[in-house]
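Note that the protein sequences, when read in sequence, are chains A and B.
Be aware that the first sequence starts at 1, since it is given in the numbering used here, and climbs by one per residue.
Be aware that the second sequence starts at 413, since it is given in the numbering used here, and climbs by one per residue.
Beta carbons are placed, not taken as given, at the ideal position from N, Cα and C, and that holds for glycine.
2 protein chains.
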Amino acid sequence: MSTEQDTSVTSLPLGFQWGAVKAGIKASGKLDVAVAIAPKTAKAAVMYTKNQVVAAPVTVGRRHLQSTGGRVVAVLVNAGNANCATGQAGIEACVQTCVAAAETFHCIYDEVFPSSTGIIGVPFPAEKVIAALPAIQTVLGSTSDHAELFAQAIMTTDTRMKTARAVIDIDGTRVNIFGAAKGAGMIHPQLGAPVGPPHATMLVYLFTDLAAETEELNKLLAPAVEQSFNCISIDGDTSTNDTVLLLASGASGTKLNERTVEPFANALNLVCGSLAHQIVDDGEGVTHVVTLHVTGARTPAEAKQVAKAIAHSPLCKTAWSSADPNWGRLLAAAGYSGVTFDPEKVNIRIGTQPVFEMGMRAPLFDEAAAHATMQEREYTITLDLGQGNAECRFITCDLTAEYVRINADYST
Amino acid sequence: MSTEQDTSVTSLPLGFQWGAVKAGIKASGKLDVAVAIAPKTAKAAVMYTKNQVVAAPVTVGRRHLQSTGGRVVAVLVNAGNANCATGQAGIEACVQTCVAAAETFHCIYDEVFPSSTGIIGVPFPAEKVIAALPAIQTVLGSTSDHAELFAQAIMTTDTRMKTARAVIDIDGTRVNIFGAAKGAGMIHPQLGAPVGPPHATMLVYLFTDLAAETEELNKLLAPAVEQSFNCISIDGDTSTNDTVLLLASGASGTKLNERTVEPFANALNLVCGSLAHQIVDDGEGVTHVVTLHVTGARTPAEAKQVAKAIAHSPLCKTAWSSADPNWGRLLAAAGYSGVTFDPEKVNIRIGTQPVFEMGMRAPLFDEAAAHATMQEREYTITLDLGQGNAECRFITCDLTAEYVRINADYST
């Protein structure tokens, strides 16, 4: 058994077809409606945003998964309009697109899994999605080109497509995972058990040809999401439409069992980790990707709480934008995280440079060396709390004037 | 009895002397060491940051107040160095300045209340503060000019001095309050009962000639701070040195009692409210001051929790910078605040313009009118949760490219 990243066309999971067209929803006129078709036997697991406010496709998607018990035949995604805060009319518009897609792709309407991303609060143009369905049917296919069309069509402010693949080789049988994601702003996913109604900003679709039941997939998806998408933040804004879908076609003939679960879980973690990293790397205005490695915590939750306070501190984030080794801001943010600790026991390193120890500036702190580390596109800041064995790796980025420009210019 | 704002020289509280000099701590060469002298009988109440990491003067100040039971004769403040994350050496340096000030101003060392603000993690130049003390003694005085020297010397990135006054007229006797504050960045004060050790960014000194005991003053200060300084945020970064000191000289001859407590509390609230507003208004890079009025909440704490999520949302803050009535971002931030609510019952107004109701864009939403309101320097956003009678007014500001520039350029 081995887990490896493979970019060859054969590493795409069997049993799926992908396609996308231009339906005129994005003002740019680019690809904006994407479809993925799975076999009737496919099983899905999904995690949605924990935001109290959710978009119509989240409400409808939850309902569909509940009524089918996790069966998904068609994934229908549009970019350009989030169908959020659109009231009952938005729900009805979403249902109409599912009904039309069911007809086109020969399934039941609740076997359609809808997603939307884009502007919030604008009436949803269901008629454009519906009118595009026949054209999508003619472009469906199973090659890398088809899968990439899907990945391109779901982009909004993303500057590049985000995909990842993994292959698990089990006694000569291959199980494949292909993941496609979008997201560049309003990124601080907090995915969990469904809560209330989401504005979709991070969308992730994970396709595999493993054979597994929804319940089994849910058990694998939750920890994979917790360590990846729930451990990244661009701006601390948790979206109303964040969605991660794991869809298993079963077409590899390999079942999830005692022998396959571990290699599959590892491969799923790799794919989720890669996509999560790509999302931060393509964050709005990002010039530095910073991994916060919080160690020596009492619990993983406390480690994450400290990392999040730093990741959301405008003062830390602006210092990173200029490669300023201002460790005082790191320490101050940790201090207001709500986690109790003794500052005298805290140890901070930027890359390999010691910056803070024994309650003060590290004697060996070399400001020029720390500054040089921070000029790299990507580096790690380690903060050891000195009071336990728990840890967390959290990926975040700097805050730049470009981020402000992008989001101040965004028009309602 | 009447409460009024009065800017005449006679409205300064009796019994105090103020002064400030240039001690060479600020790189700019401006006034940087300030002193206020109170009579031996003066009583103090103080609230410090809840940050786990606190500066040396906070540790020392707590110790002094505990040992004197709330007696403060000399307030000693420097700007330009926060004396934070400076280890045991920082504590000793702070104590040295208190001992020297006690000698100069004829009191006991623990009757000196130290404060520092400025850069974090840089060895504290106690010798500069000590060398400046004789000069300060020669410039002490009780006029508005003296009080304003004090207010100027405590400034760091502030572009203007922040002071407020109130006069309470009780049966012909006047009780005066004078407040001086500093703070422009790292502003999201969370003041409370002393927790651990603080990098001072918001400093507030409230002087009054009322006669009151420390315990009585504490009871008045906590609610006044809760409604003012604990309800503002510039960047969501809670500093390590935030300090609010209320010092009562008793020189008016009027005691705090059943008849005076209410007008005094009202006047104290006014002064704190004015200073809190001035701090946001002078926030780094601020072009718009936004009051978030959250109503219809189950509890005041939930109202504040929703307001804080919006106040700390980079997406909301950047939209405000361009007067963009992007209410979807307001709703999304409320949605991830952690407070449960039904989006269908939420009502949002920008100024007097309805923008969101019944789960969707308000039928009467006039985008141009909302945009016009948001072009004002200052306006109110009202968010009614529709599930209770509790409310909160929280003052915050926009996030601009200028904020990023200021904080990216700040050198360690």
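What residue range does the beta strand (DSSP E) around residue i cover?
i: B/G441; result: Segment: none, B/G441 is in no beta strand (DSSP E) and carries neither H nor E.
i: A/E357; result: 353-357
i: A/A20; result: 17-21
i: A/T291; result: 289-297
i: B/E384; result: Chain B is shown only over 413 to 824; residue 384 of chain B falls outside these bounds and no answer can be derived.
So residue i contacts chain B; which residues on that side make the cut at Cβ distance below 9 Å?
i: A/M155; result: Here the premise fails: no neighbours, minimum Cβ distance about 18 Å.
In whole angstroms, what is the alpha-carbon distance linking residue i and residue j?
i: A/G185; j: B/Y748; result: 15 Å
i: A/A135; j: A/E92; result: 23 Å
i: A/L331; j: B/V534; result: 14 Å
i: B/Q690; j: B/T571; result: 11 Å
i: A/E376; j: A/S274; result: 19 Å
i: B/K757; j: B/C496; result: 46 Å
i: A/M374; j: A/L399; result: 14 Å
i: B/A538; j: B/T672; result: 41 Å
i: B/K729; j: A/N269; result: 34 Å
i: A/C94; j: A/V244; result: 18 Å
i: A/A212; j: A/V77; result: 24 Å
i: B/K455; j: B/E523; result: 10 Å
i: B/G708; j: B/C643; result: 18 Å
i: B/L477; j: B/P712; result: 31 Å
i: A/V294; j: A/L385; result: 7 Å
i: A/P13; j: A/T214; result: 18 Å
i: B/D418; j: B/Q429; result: With a pLDDT of only 45 at B/D418, under 50, the local geometry of the prediction cannot be trusted, and the value read off the model is given with reservation. Near 19 Å, if we compare the C-alpha coordinates of B/Q429 and B/D418.
i: A/V72; j: A/C98; result: 12 Å
i: A/I119; j: A/A82; result: 5 Å
i: A/C24; j: A/T156; result: Looking at the sequence shown, residue 24 of chain A is not Cys but Gly. Cα-Cα distance, rounded: 14 Å.
i: A/M360; j: B/I542; result: 23 Å
By the DSSP assignment, the alpha helix (DSSP H) with residue i in it spans what residues?
i: B/A693; result: Just to set this straight, residue 693 of chain B is Asp in the shown sequence, not Ala. Residues 673-693.
i: B/I793; result: First-last for B/I793: 790-796, but that is the beta strand (DSSP E), not the alpha helix (DSSP H).
i: B/M614; result: No alpha helix (DSSP H) contains B/M614, which DSSP labels as neither H nor E.
i: A/K308; result: 300-311
i: B/I818; result: 813-821
i: A/V225; result: 214-227
i: A/L65; result: 56-68
i: B/L659; result: Taken as a continuous stretch (DSSP letters only), B/L659 belongs to no alpha helix (DSSP H), being part of the beta strand (DSSP E) at 655-660.
i: A/Q375; result: 367-375
i: A/G236; result: First-last for A/G236: undefined, no H or E at that position.
i: A/G328; result: 327-335
i: A/K40; result: Run containing A/K40: none; DSSP gives neither H nor E here.
i: A/A319; result: 314-321
State buried or exposed for residue i, treating a residue as buried only when at least 16 other CB atoms are found within 10 Å of its CB.
i: B/K716; result: buried
i: B/H411; result: The shown model of chain B, from 413 to 824, leaves out residue 411 of chain B, and the question about it has no answer.
i: A/D282; result: buried
i: B/H611; result: Note that B/H611 has pLDDT 32, beneath the 50 cutoff, so the model's placement of it is unreliable and the number below is only indicative. Classification for B/H611: buried.
i: B/G608; result: Confidence is the limiting factor: at B/G608 the pLDDT is only 30, short of 50, which leaves the residue's position unreliable and the question unanswerable from this model.
i: B/T824; result: Confidence in B/T824 is poor, its pLDDT being 42 and thus under 50, which makes the residue's placement unreliable; the coordinate value appears in the next sentence. That one is buried.
i: B/G665; result: exposed
i: A/P314; result: buried
i: B/L561; result: buried
i: A/A79; result: buried
i: A/L364; result: exposed
i: B/E714; result: buried
i: B/A719; result: buried
Could you name the residues of chain A that residue i contacts, counting a contact when the two beta carbons are closer than 7 Å?
i: B/T650; result: Y336
i: B/S440; result: Within chain A, no residue comes near B/S440; the closest Cβ sits about 19 Å away, beyond 7 Å.
i: B/C643; result: The premise fails here: B/C643 is roughly 16 Å from chain A at the closest Cβ pair, so nothing lies under 7 Å.
Which chain B residues are close to residue i, counting only those with a beta carbon under 7 Å from its beta carbon?
i: A/G87; result: M770, G771, M772
i: A/D397; result: Here residue 397 of chain A turns out to be Cys, not Asp, going by the sequence shown. Within 7 Å Cβ-Cβ: nothing; A/C397 doesn't reach chain B, min ~12 Å.
Interface residues of chain A around residue i at Cβ under 9 Å?
i: B/M786; result: Ordered by position in chain A, no residue passes the 9 Å Cβ test against B/M786, which lies about 11 Å from the chain.
i: B/P389; result: The structure shown does not extend to residue 389 of chain B, since chain B is modelled only from 413 to 824, so the question has no answer here.
i: B/I532; result: N326, W327, G328, R329, L331, A332
i: B/Q602; result: Y336
Taking residue i as the query, report the chain A residues whose CB atoms sit under 8 Å from its CB, ordered along the chain.
i: B/Q765; result: Simply none; closest approach about 13 Å.
For residue i, return the contacting residues in chain B, with the cut-off set at a CB-CB distance below 8 Å.
i: A/V167; result: By Cβ distance, chain B contributes nothing, its closest Cβ being about 36 Å from A/V167, past 8 Å.
Should residue i be counted as a contact of the ligand NAD given a C-beta to heavy atom distance under 7 Å?
i: A/T208; result: The ligand NAD is absent from the structure shown, which contains no ligand whatsoever.
For chain E, find out if any of its Cβ atoms is closer than 8 Å to the Cβ of residue i; answer yes or no.
i: A/T400; result: Absent from the structure is chain E; the protein chains it does hold are A and B.
Problem set entry | Unbroken stretches of the alpha helix (DSSP H), 4 residues or longer, contained in the region 541-610 of chain B | If we require 4 residues or more, the alpha helix (DSSP H) runs fully inside the region 541-610 of chain B come out as 556-565.
For this session: Report the residue ranges of all beta strand (DSSP E) runs contained in full by the region 485-547 of chain B; include only those spanning at least 3 residues, in chain order.
Result: List check, beta strand (DSSP E) in window: 486-493, 524-531.
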